[in-house]
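Peer 1: One structure, as structure tokens, below. Some questions next.
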Amino acid sequence: MRGKNILIGVTGGIAAYKVVEVASRLKKSGANVKVMMTRHATEFVSPRTFHEITGNAVSVEMFGDAANFNVAHIALANFADLILIAPATANFLAKMAHGIADDLLTTTILAFDKEILIAPAMNTKMYENPATQANLEILKARGVKILEPASGNLACGTVGKGRLPEPKEICAEVEKFFADKILSGKKLLVTAGGTVEAIDPVRYIGNRSSGRMGYEIARSAGKAGAQVVLISGKSEVEPPSGLEEFIKIESAIKMREEVLKHFDSVDAVVMSAAVADYRIKNPAAQKIKKSAETLTLELVKNPDILKELGGLKENQILVGFAAETQNILEYANKKLVEKNLDFIVANDVTIEGAGFGVPTNIATIIWRNGDIETFDKMSKAALAEKIVERVADLLNKDKKFFPLTVNH
Ligand code: CTP
2 MRGKNILIGV
12 TGGIAAYKVV
22 EVASRLKKSG
32 ANVKVMMTRH
42 ATEFVSPRTF
52 HEITGNAVSV
62 EMFGDAANFN
72 VAHIALANFA
82 DLILIAPATA
92 NFLAKMAHGI
102 ADDLLTTTIL
112 AFDKEILIAP
122 AMNTKMYENP
132 ATQANLEILK
142 ARGVKILEPA
152 SGNLACGTVG
162 KGRLPEPKEI
172 CAEVEKFFAD
182 KILSGKKLLV
192 TAGGTVEAID
202 PVRYIGNRSS
212 GRMGYEIARS
222 AGKAGAQVVL
232 ISGKSEVEPP
242 SGLEEFIKIE
252 SAIKMREEVL
262 KHFDSVDAVV
272 MSAAVADYRI
282 KNPAAQKIKK
292 SAETLTLELV
302 KNPDILKELG
312 GLKENQILVG
322 FAAETQNILE
332 YANKKLVEKN
342 LDFIVANDVT
352 IEGAGFGVPT
362 NIATIIWRNG
372 DIETFDKMSK
382 AALAEKIVER
392 VADLLNKDKK
402 FFPLTVNH
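Mapped onto the numbering used here, the consecutive letters of the sequence shown carry residue numbers 2 to 409.
In structure tokens, the structure reads:
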């Protein structure tokens with residue numbers, strides 16, 4: 002941990018006393034540790050304690066020293082490689098989830114664009130309150146890592162979930178952030194969302210893709226240390242932070258153009274976009290007016306982007322998706338072979354909890370050598386991690402040249 006800069010934010014909960022040990026352990030492991038406290042936190046532990054432990058001044062007030070005002074929140078945000086908030090109160094989670102910046106700690110967080118690790122601790126009912134849970138979901142979706150509270154005796158005299166994990170566990174999580182990342186030095190191209198094929202300036206042909214799966218893959222690859230280019234069609238979700246490039250497109254033709262532009266410079270492509278197979282042959286330049294009882298639109302085939310990449314592929318890893326409604330394995334296998342992929346992620350979109358518009362997926366991975374991996378229902382974020390781990394395995398262990406022997 003030598004040379005790592007860690008900023009600990011302490012908010013007003015009784016568990017603040019345990020964070021003294023967290024600061025002490027991190028300091029002993031060689032990290033530079035600074036502490037920020039909310040005013041309420043100082044009711045539980047004195048700033049002097051953290052000062053003595055870390056050897057650094059403790060920041061509490063936004064406008065503490067008018068004579069030496071140096072925009073403390075920006076200086077602190079610039080200092081840190083990682084911010085750890087422990088304990089995080091329900092009030093703090095609510096403020097952070099909604100971008101409120103009314104003290105030094107919340108303002109610093111808004112000015113910080115790197116890793117944030119949060120350890121909530123509070124009464125069980127407060128933790129389980131839908132407001133708190135909704136705030137945690139918002140933060141998770143933004144890529145903030147939340148440490149699950151432990152269960153046990155709480156300071157308020159009740160027993161349940163809400164205890165701050167032990168200092169040793171919190172420090173282990175912090176160390177994980179700085180461990181070598183499985184995709185360090187690698188560049189990934191991820192496509193996501195659905196393409197939009199114009200009928201006229203007002204209407205289009207689209208599909209039910211929400212973009213969630215691809216955005217989670219991009220997020221997970223970024224966390225694993227990769228530079229990530231995300232090319233996205235229509236999507237319902239916010240792109241993750243920290244992308245190398247985020248390119249928004251509409252049509253399959255435009256997606257192909259952008260994908261081909263980047264293909265030579267990437268180590269792997271994960272093609273999770275729902276690309277329309279057909280587009281309107283002659284989109285109308287003006288809005289089509291209603292007249293005849295029937296209207297016929299002529300469609301022409303779009304290029305198959307992934308198949309084209311399969312033909313161009315040199316060392317790149319290629320991952321495809323197959324959203325099917327029947328004969329899942331057979332159809333997915335066919336795509337794996339025809340598109341020259343390293344593996345394909347297949348799912349039956351007719352099953353509840355899999356496919357479009359939901360936060361979960363039920364997937365099967367089919368490998369080039371015929372191996373099949375099946376996964377239980379899991380969040381798209383968790384499946385994204387599995388996919389990213391497998392891409393990293395292929396890239397790091399150089400397994401990528403094994404022969405194509407799919408024979409199902
Ligand atoms: N794909 C692509 N370009 C297309 C169509 C699909 O790159 N024009 C990619 C998708 O991003 C996905 C994989 O190919 O990774 C399989 O897509 P899917 O729509 O399931 O299969 P298709 O090949 O289009 O076959 P079909 O629609 O007949 O099932």
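From the three backbone atoms N, C-alpha and C, an ideal C-beta is built for every residue, glycine too.
Note that this is a predicted model, so its numbers are computed, not measured.
What does the alpha-carbon distance come out to for the pair Asn-33 and Thr-107?
Peer 2: 21 Å
Peer 1: From the DSSP output, read off the bridge partner residues of His-281.
Peer 2: The amino acid occupying residue 281 in the given sequence is Ile; His does not appear at that position. Answer by DSSP bridge pairing, in chain order: Leu-300.
Peer 1: Tell me, please, whether the segment 218 to 228 touches the segment 296 to 316 by the rule of three or more beta-carbon pairs shorter than 8 Å.
Peer 2: no
Peer 1: When you measure from the CB of Ile-305 to every non-hydrogen atom of ligand 1, does any distance come out below 8 Å?
Peer 2: With the sequence shown as reference, residue 305 is identified as Asp, and Ile is not the correct amino acid for it. In this structure, the C-beta of Asp-305 approaches ligand 1 to less than 8 Å from one of its heavy atoms.
Peer 1: Within 10 angstroms of its Cβ, does Lys-187 collect 16 or more other Cβ (buried), or is it exposed?
Peer 2: Taking every protein chain shown into account, the CB of Lys-187 has 16 or more other CB atoms within 10 angstroms, so this residue is buried.
Peer 1: Are the Cβ atoms of Asn-136 and Leu-155 separated by less than 9 Å?
Peer 2: no
Peer 1: If you pair each beta-carbon of the segment 126 to 134 with each one of the segment 159 to 170, do three or more pairs fall below 8 Å?
Peer 2: Enough Cβ pairs lie closer than 8 Å, so yes.
Peer 1: Answer with buried or exposed for Asp-343, where buried requires no fewer than 16 other C-beta atoms within 10 angstroms of its C-beta.
Peer 2: buried
Peer 1: Whole angstroms is fine: what's the gap from Ile-183's alpha carbon to Val-389's?
Peer 2: 9 Å
Peer 1: Quick check: is any heavy atom of ligand 1 less than 8 Å from the C-beta of Asp-278?
Peer 2: Within the cutoff, so yes.
Peer 1: Please go through the same chain and pick out, in chain order, the residues whose beta-carbon is closer than 7 Å to the beta-carbon of Ile-84, but skip the five residues on each side of it.
Peer 2: Leu-8, Gly-10, Ile-110, Phe-113, Ile-117
Peer 1: Kindly examine ligand 1 and report whether one of its heavy atoms sits closer than 8 Å to the Cβ of Thr-192.
Peer 2: yes
Peer 1: Using a threshold of 8 Å, is the CB atom of Gly-321 nearer than that to any non-hydrogen atom of ligand 1?
Peer 2: Because some heavy atom of ligand 1 lies under 8 Å away, the Cβ of Gly-321 counts as near it: yes.
Peer 1: By DSSP, does Asn-397 sit in helix, in strand, or in coil?
Peer 2: helix
Peer 1: Please work out which residues of its chain come closer than 7 Å, Cβ to Cβ, to Val-59, disregarding the five sequence neighbours upstream and downstream, and give them in chain order.
Peer 2: The beta carbon of Val-59 is closer than 7 Å to those of Val-36, Met-38, Pro-48, Phe-51, His-52 in its chain, skipping five residues each way along the sequence.
Peer 1: Just mark Asn-362 as buried or exposed, buried being the case when its beta carbon has 16 or more other beta carbons within 10 Å.
Peer 2: buried
Peer 1: Assuming Ile-206 contacts Glu-217 (C-beta within less than 8 Å), just tell me the rounded distance between them.
Peer 2: About 26 Å separates the two Cβ atoms, so there is no contact after all.
Peer 1: Whose C-alpha, out of Asp-181, Ser-210, His-263, is nearest the C-alpha of Gly-226?
Peer 2: Asp-181
Peer 1: Where does Gly-194 fall in DSSP's three states?
Peer 2: coil
Peer 1: Starting from Leu-330, trace the beta strand (DSSP E) both ways and give me its first and last residue.
Peer 2: Element bounds for Leu-330: not the beta strand (DSSP E) but the alpha helix (DSSP H), 329 to 339.
Peer 1: Using only CA atoms, which one of Leu-190, Thr-295, Pro-284, Thr-90 lies nearest to Leu-261?
Peer 2: Leu-190
Peer 1: Take the Cβ of Glu-386 as the centre, count every other Cβ of all protein chains shown within 10 Å, and call the residue buried at 16 or more, exposed below.
Peer 2: buried
Peer 1: Under DSSP, the beta strand (DSSP E) around Lys-35 begins and ends at which residues?
Peer 2: 33 to 38
Peer 1: Quick one: does the C-beta of Lys-340 sit closer than 8 Å to a heavy atom of ligand 1?
Peer 2: yes
Peer 1: Compute every distance between the C-beta of Tyr-332 and the non-hydrogen atoms of ligand 1, then say whether any falls below 8 Å.
Peer 2: Residue side-chain check: Tyr-332 places its Cβ nearer than 8 Å to a non-hydrogen atom of ligand 1.
Peer 1: Do you know how far the Cα of Leu-310 is from the Cα of Lys-249?
Peer 2: When rounded, the distance between both Cα atoms is 20 Å.
Peer 1: Does the Cβ of Glu-76 lie closer than 8 Å to at least one heavy atom of ligand 1?
Peer 2: Per the sequence presented here, residue 76 reads as Ala, with Glu not at that position. The answer is no for Ala-76.
Peer 1: Cβ of Ser-273 versus every heavy atom of ligand 1: is any distance shorter than 8 Å?
Peer 2: Within 8 Å of the C-beta of Ser-273 there is at least one heavy atom belonging to ligand 1.
Peer 1: Please go through the same chain and pick out, in chain order, the residues whose beta-carbon is closer than 7 Å to the beta-carbon of Leu-313, but skip the five residues on each side of it.
Peer 2: Phe-264
Peer 1: Have a look at Ser-25 and Leu-148 and give me their C-alpha separation to the nearest angstrom.
Peer 2: 19 Å
Peer 1: Restricting to runs no shorter than 4 residues, where is the alpha helix (DSSP H) found entirely within the segment 96 to 120?
Peer 2: Fully enclosed alpha helix (DSSP H) runs of 4 or longer: 105 to 111.
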